[in-house]
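**Student:** Input: one structure, supplied below.
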Amino acid sequence: MFISHRAEYGRVARGLREAIQNTSQGRIEVFISEDIPRGEEWRRSIEEHLRDAESLFLIYGAPYEDWSWCFYEAGYFAAVDPKASDRHIYCVMRPEVEAPGPLSELQMLTGTEQLIKELMDIYRRHGIEFDAVALRSAIERLEQCLFGKLREFQGFPRVHFSVQEAEFGGKAQIPGDAVVSGEESVLGDLFAINSSCVPWADIVAASNTAAGDQNFMSKWIDETTRIILAARKNQFISPQTVLIGRGGRRFRTVLDRARIQGDGTFCCEFLAIDEVGGPTVGLSSQQLTLLTSIRMGFRFRGELIQRFPNDFDALSEEDRQERIQEIPRIVENLTMESKTRGDINLDDFRAAFDDAESERMQKLASHWRFVKEEMYRSLGLAADGKTVLGHGLLGADVDRFRTAFDALRLINIEFLARCCARVSKMMMKSEQELGDNAKVLEQLLQTLASAKLKAAA
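Take 24 as the starting number for the sequence shown in our numbering and just add one per residue.
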């Protein structure tokens with residue numbers, strides 16, 4: 024017996040093979056393509072098994088899938104001996120699916136009872152003793168996979184941005200005729216606008232009346248504008264901003280694809296992904312700013328400072344070019360997040376420290392700007408990290424990069440140490456207070472324990 028199937032249906036094909044081999048007491052040999060040993064010529068092996076088989080079961084799924092190879096296997100099987108009365112093809116398919124054209128004249132098995140009946144007939148023709156109850160039980164376990172209704176893949180909700188490419192006119196801004204479209208429910212969740220097609224200008228206007236979420240909305244518009252403009256140059260910017268939608272739901276819109284269509288329309292397709300978590304509550308603005316700063320400091324440490332070994336003078340040309348492109352991209356993504364998260368306020372940050380420390384933190388920030396420029400210079404780039412000035416990471420630039428990188432490492436250490444110490448100081452309690460709290464805690468636990476004992480009695 025030969026079971027023909029697409030790779031997606033491999034699990035159910037193996038299940039059917041196991042059911043047949045077990046209930047036939049091993050008297051029927053069942054072949055599936057996964058049985059071909061690695062290294063063996065697969066096409067020749069398949070054709071040999073098709074010639075030897077007496078029955079072919081084709082597990083058919085969705086009409087929109089490519090079944091050309093399975094139809095080839097069925098056609099090859101039928102052509103081996105067209106007049107043979109003991110060779111049969113069975114198409115196992117779901118009852119709601121239309122029969123495939125190339126196999127429309129064959130026997131369709133659209134339910135468990137039909138499949139069991141045909142297997143029993145095969146067993147009897149070959150004089151195979153079998154347990155009908157065991158056969159039924161084995162096939163019924165496969166019923167949902169073989170005959171259950173196909174469930175289509177449900178991906179993330181999508182929204183589409185579109186505008187005539189000519190409307191850009193060389194300007195680095197979104198044209199007024201641009202529109203955002205998608206399912207009405209999706210646009211409603213994102214922008215609280217009940218429509219399936221919304222002018223970009225209306226979304227911008229709505230951001231001015233977004234109440235407490237105005238900061239997030241305006242930052243999302245600024246970032247999405249940069250993403251769309253970069254996509255026109257075949258560049259991808261990783262989204263950092265969270266969009267606060269209807270009912271406080273948090274979304275991150277990720278660019279999936281962008282292209283200029285044949286009619287001159289520039290289109291971008293975004294995934295609307297639910298953001299895990301939510302805004303931090305119950306913290307002062309100073310605490311929130313400090314905690315976000317600590318998070319960003321650790322990201323710089325893990326994603327940039329600790330990522331690159333000190334081997335810049337022994338790089339291949341390919342590795343050198345890769346690092347020249349990768350380092351500015353990492354810095355850009357990190358600094359963009361610090362700008363767009365909405366949790367960092369420089370006034371609150373400075374106010375979180377006393378005067379002397381506040382002055383030191385401002386000095387560290389100015390050091391970072393200078394160190395970043397020098398690091399980019401060693402990469403052969405201008406201060407924007409994009410304009411190429413030279414080759415980079417060659418000769419004296421290797422030592423320049425090491426010096427700048429060491430400076431960045433020391434800035435990061437002091438930045439994190441001072442921020443963490445400040446948060447710790449804000450949360451610090453005296454040993455006397457902690458001791459008093461511990462005594463109260465023990466009393467509360469004893470009260471709960473005694474109440475539990477009384478309830479049990």
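Positions of the beta carbon are idealized from the N, C-alpha and C atoms, including for glycine.
Assuming the contact rule is C-beta atoms closer than 8 Å, Val483 and Ile434 should be a hit. Round their C-beta distance to whole Å, please.
**Tutor:** With the chain covering only 24 through 480, there is no way to say anything about residue 483.
**Student:** Taking His111 as the reference, which of Leu129, Ala122 and Arg117 has the closest Cα?
**Tutor:** Counting from 1 along the sequence shown, the entry for residue 111 is found at position 88. Residue Leu129 is the option with its Cα nearest to His111.
**Student:** Which stretch, first to last residue, makes up the alpha helix (DSSP H) that contains Phe10?
**Tutor:** Nothing can be reported for residue 10: it is not among the residues displayed for the chain, which extend from 24 to 480.
**Student:** Nearest by alpha-carbon distance to Ile26: which of Arg273, Glu52, Gln466 and Lys106 is it?
**Tutor:** If you number the sequence shown from 1, residue 26 lands on position 3. Nearest C-alpha to Ile26: Glu52.
**Student:** Confirm, please, whether the CB-CB distance from Val227 to Val209 is below 8 Å.
**Tutor:** Mapped onto the sequence shown, residue 209 falls at position 186. Mapped onto the sequence shown, residue 227 falls at position 204. Going by C-beta atoms, Val209 is not nearer than 8 Å to Val227.
**Student:** How would you call Gly268, buried or exposed, if buried means at least 16 neighbouring beta carbons within 10 angstroms?
**Tutor:** Taking the sequence shown and counting its residues from 1, the one referred to as residue 268 is at position 245. Buried, by the Cβ-count rule.
**Student:** I'd like the list of long-range same chain contacts for Ile350, defined as Cβ closer than 8 Å, with 5 residues on each side in sequence excluded.
**Tutor:** Here the question's residue 350 lines up with position 327 in the sequence shown. Taken in chain order, the residues that qualify are Leu327, Phe331, Met398 and Leu402.
**Student:** For the region 245-311, list the beta strand (DSSP E) runs that are entirely contained and at least 3 residues long, ordered along the chain.
**Tutor:** Here the runs fully enclosed are 273-283 and 288-297.
**Student:** Taking its Cβ as the centre, do 16 or more other Cβ atoms sit within 10 Å of Val421, making it buried, or is it exposed?
**Tutor:** In the sequence shown, residue 421 corresponds to position 398, counting from 1. It is buried - the Cβ of Val421 has at least 16 other Cβ atoms within 10 Å.
**Student:** I need the DSSP call for Gln329, collapsed to helix, strand or coil.
**Tutor:** Residue mapping note: residue 329 aligns to position 306 of the sequence shown, counting from 1. Note: Gln329 maps to coil in three-state DSSP.
**Student:** Tell me the rounded alpha-carbon separation between Phe289 and Pro180.
**Tutor:** Indexing the sequence shown from 1 puts residue 289 at position 266. Indexing the sequence shown from 1 puts residue 180 at position 157. Taking the straight line joining both Cα atoms gives about 20 Å.
**Student:** Taking CB distances under 8 Å as the criterion, tell me whether Asp370 reaches chain E.
**Tutor:** Although the question refers to chain E, the structure presented lacks it and comprises just one protein chain.
**Student:** For Asp104, which residues from the same chain have a beta carbon less than 7 Å from its beta carbon, with the 5 sequence-adjacent residues on both sides left out?
**Tutor:** Locating residue 104 in the sequence shown gives position 81, where the first residue counts as 1. Arg110, listed in sequence order.
**Student:** Can you grab the Cα-Cα spacing for the pair Lys409 / Asp334, in whole Å?
**Tutor:** Translated into the one-based positions of the sequence shown, residue 409 becomes position 386. Translated into the one-based positions of the sequence shown, residue 334 becomes position 311. If you take the alpha carbons of Lys409 and Asp334, they lie about 23 Å apart.
**Student:** What is the DSSP secondary structure of Met116, reduced to helix, strand or coil?
**Tutor:** If you number the sequence shown from 1, residue 116 lands on position 93. Coil, per DSSP.
**Student:** Under DSSP, the beta strand (DSSP E) around Gly415 begins and ends at which residues?
**Tutor:** Taking the sequence shown and counting its residues from 1, the one referred to as residue 415 is at position 392. Careful: Gly415 lies outside any beta strand (DSSP E) and carries neither H nor E.
**Student:** At the level of alpha carbons, what is the spacing between Glu152 and Leu142?
**Tutor:** As a position in the sequence shown, residue 152 is number 129, starting the count at 1. As a position in the sequence shown, residue 142 is number 119, starting the count at 1. C-alpha separation (whole angstroms): 12 Å.
**Student:** Span of the alpha helix (DSSP H) holding Met143?
**Tutor:** To locate residue 143, count along the sequence shown from 1; it is residue 120. Run containing Met143: Thr135 to Arg148, per the alpha helix (DSSP H) assignment.
**Student:** Which residues does DSSP list as the beta-bridge partners of Ser204?
**Tutor:** Counted from its first residue, the sequence shown places residue 204 at position 181. The partner list for Ser204 (beta bridge, DSSP) reads His183 and Cys220.
**Student:** Nearest to Gln187 by alpha carbon, out of Leu158, Ser108, Ile283 and Glu207?
**Tutor:** Counting from 1 along the sequence shown, the entry for residue 187 is found at position 164. The shortest Cα separation from Gln187 among Leu158, Ser108, Ile283 and Glu207 belongs to Ile283.
**Student:** May I ask which residues mark the beginning and end of the beta strand (DSSP E) holding Ile26?
**Tutor:** In the sequence shown, counting from the first residue as 1, residue 26 sits at position 3. First-last of the beta strand (DSSP E) with Ile26: Phe25 to Ser27.
**Student:** Could you tell me the alpha carbon to alpha carbon distance between Gly192 and Pro198, rounded to whole angstroms?
**Tutor:** Your numbering for residue 192 matches position 169 in the sequence shown. Your numbering for residue 198 matches position 175 in the sequence shown. Cα to Cα, Gly192 sits roughly 9 Å from Pro198.
**Student:** From the DSSP output, which residues share a beta bridge with Met131?
**Tutor:** Taking the sequence shown and counting its residues from 1, the one referred to as residue 131 is at position 108. Its beta-bridge partners are Cys114.
**Student:** With DSSP as the reference, label Ser78 as helix, strand or coil.
**Tutor:** Translated into positions along the sequence shown, residue 78 becomes position 55. Of the three classes helix, strand and coil, the one that applies to Ser78 here is strand, per DSSP.
**Student:** From Arg392 to Cys442, what distance separates their C-alpha atoms?
**Tutor:** Looking up residue 392 in the sequence shown gives position 369. Looking up residue 442 in the sequence shown gives position 419. If you take the alpha carbons of Arg392 and Cys442, they lie about 19 Å apart.
**Student:** When the Cα atoms are used, what is the spatial distance from Gln196 to Leu252?
**Tutor:** Position 173 of the sequence shown, counted from the first residue, corresponds to residue 196. Position 229 of the sequence shown, counted from the first residue, corresponds to residue 252. Taking the straight line from one Cα to the other gives about 7 Å.
**Student:** By DSSP, does Phe428 sit in helix, in strand, or in coil?
**Tutor:** On the sequence shown, position 405 is the one that residue 428 refers to. In this structure, Phe428 counts as helix in the three-state DSSP scheme.
**Student:** Take the Cβ of His72 as the centre, count every other Cβ of all protein chains shown within 10 Å, and call the residue buried at 16 or more, exposed below.
**Tutor:** Locating residue 72 in the sequence shown gives position 49, counting from the first residue. The residue in question, His72, is buried, as its Cβ has 16 or more Cβ neighbours within 10 Å.
**Student:** Given Val221, which residues of its chain have a CB within under 7 Å of its CB, disregarding the five upstream and five downstream residues?
**Tutor:** For this step, residue 221 is matched to residue 198 along the sequence shown. So the list reads Val202, Val203, Leu210 and Phe214, once near-sequence residues are dropped.
**Student:** With distances taken between CB atoms, is the gap from Ser218 to Glu206 smaller than 8 Å?
**Tutor:** Taking the sequence shown and counting its residues from 1, one reaches residue 218 at position 195. Taking the sequence shown and counting its residues from 1, one reaches residue 206 at position 183. No. Outside cutoff.
**Student:** Taking only the alpha-carbon atoms, compute the straight-line gap between Glu454 and Ala461 and give it to the nearest angstrom.
**Tutor:** As a position in the sequence shown, residue 454 is number 431, starting the count at 1. As a position in the sequence shown, residue 461 is number 438, starting the count at 1. So the two alpha carbons sit approximately 10 Å from each other.
**Student:** With H, G and I counted as helix, E and B as strand and the rest as coil, what does DSSP make of Phe438?
**Tutor:** For this step, residue 438 is matched to residue 415 along the sequence shown. Of the three classes helix, strand and coil, the one that applies to Phe438 here is helix, per DSSP.
**Student:** Leu266 and Phe274: beta carbons closer than 8 Å?
**Tutor:** As a working note, residue 266 is residue 243 in the sequence shown. As a working note, residue 274 is residue 251 in the sequence shown. Cβ atoms of Leu266 and Phe274: closer than 8 Å.
**Student:** Excluding the 5 residues preceding and the 5 following Gly171 in the sequence, name in chain order all residues of the same chain whose CB lies nearer than 8 Å to its CB.
**Tutor:** Here residue 171 refers to the residue found at position 148 of the sequence shown. So the list reads Arg117, once near-sequence residues are dropped.
**Student:** Would the beta-carbon of Thr276 fall within 8 Å of that of Thr247?
**Tutor:** Position 253 of the sequence shown, counted from the start, is the residue given in the question as residue 276. Position 224 of the sequence shown, counted from the start, is the residue given in the question as residue 247. Yes, they are a contact pair.
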